[in-house]
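Asker: So that we are looking at the same thing, I have put the structure below in C-alpha cells.
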Amino acid sequence: MTTPNRGRENGYRRRIAGAAPDADALYRFLECLVGGGAAAVLFLLSLPALVELTSPLRSLSPMGLVFAFLFVWLALWAVIGTSRERMNG
C-alpha cells in the first residue's frame, strides 16, 4: 500500500489544483489526436474496401466498420507513443 509520504518513491505524484499539466500528459494527448486524425484519413481512403469486406455481416456491418476504425486508431496511437518513447530514450 502506498502512503502519502512514500508516494513519490513509487512514482506517484499528487496533482496540485490549478497547476499546469506536465509535458508527458500533453504529449499523450497529442499522440491521441494525431493517431485519431491519421486513422480517420486511412479509414476514409479505405472506406469502399472496408464496406465491401463487412457487407456479408449484414446488420453488423456498421459495427464492423466502427471496430476497424477503433483498432486502427489505437494501433496508430500505440505506434506513435512507442516511437516517441524510443526516440527520447
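Take 76 as the starting number for the sequence shown in the numbering used here and just add one per residue. Positions of the beta carbon are idealized from the N, C-alpha and C atoms, including for glycine.
Along the alpha helix (DSSP H) that carries L119, what are the first and last residues, could you check?
Answerer: Along the sequence shown, read from residue 1 onward, the residue named residue 119 stands at position 44. Element bounds for L119: 98-120.
Asker: Could you check whether G139 and L132 sit closer than 7 Å to each other, using their CB atoms as the reference points?
Answerer: For the purposes of this step, residue 132 is taken as residue 57 along the sequence shown, with counting starting at 1. For the purposes of this step, residue 139 is taken as residue 64 along the sequence shown, with counting starting at 1. Yes, the pair counts as a contact, with Cβ atoms nearer than the cut-off.
Asker: Is G164 helix, strand or coil by DSSP?
Answerer: Here residue 164 refers to the residue found at position 89 of the sequence shown. Coil, per DSSP.
Asker: Relative to the C-alpha of F144, which residue among V126, R161, T157, S134 is closest?
Answerer: Taking the first residue of the sequence shown as 1, we reach residue 144 at position 69. Comparing Cα-Cα distances from F144 to each of V126, R161, T157, S134, the minimum goes to V126.
Asker: Is the Cβ-Cβ distance between V147 and A114 less than 7 Å?
Answerer: Here residue 147 refers to the residue found at position 72 of the sequence shown. Here residue 114 refers to the residue found at position 39 of the sequence shown. Against a cut-off of 7 Å, the Cβ pair of A114 and V147 comes out as a contact.
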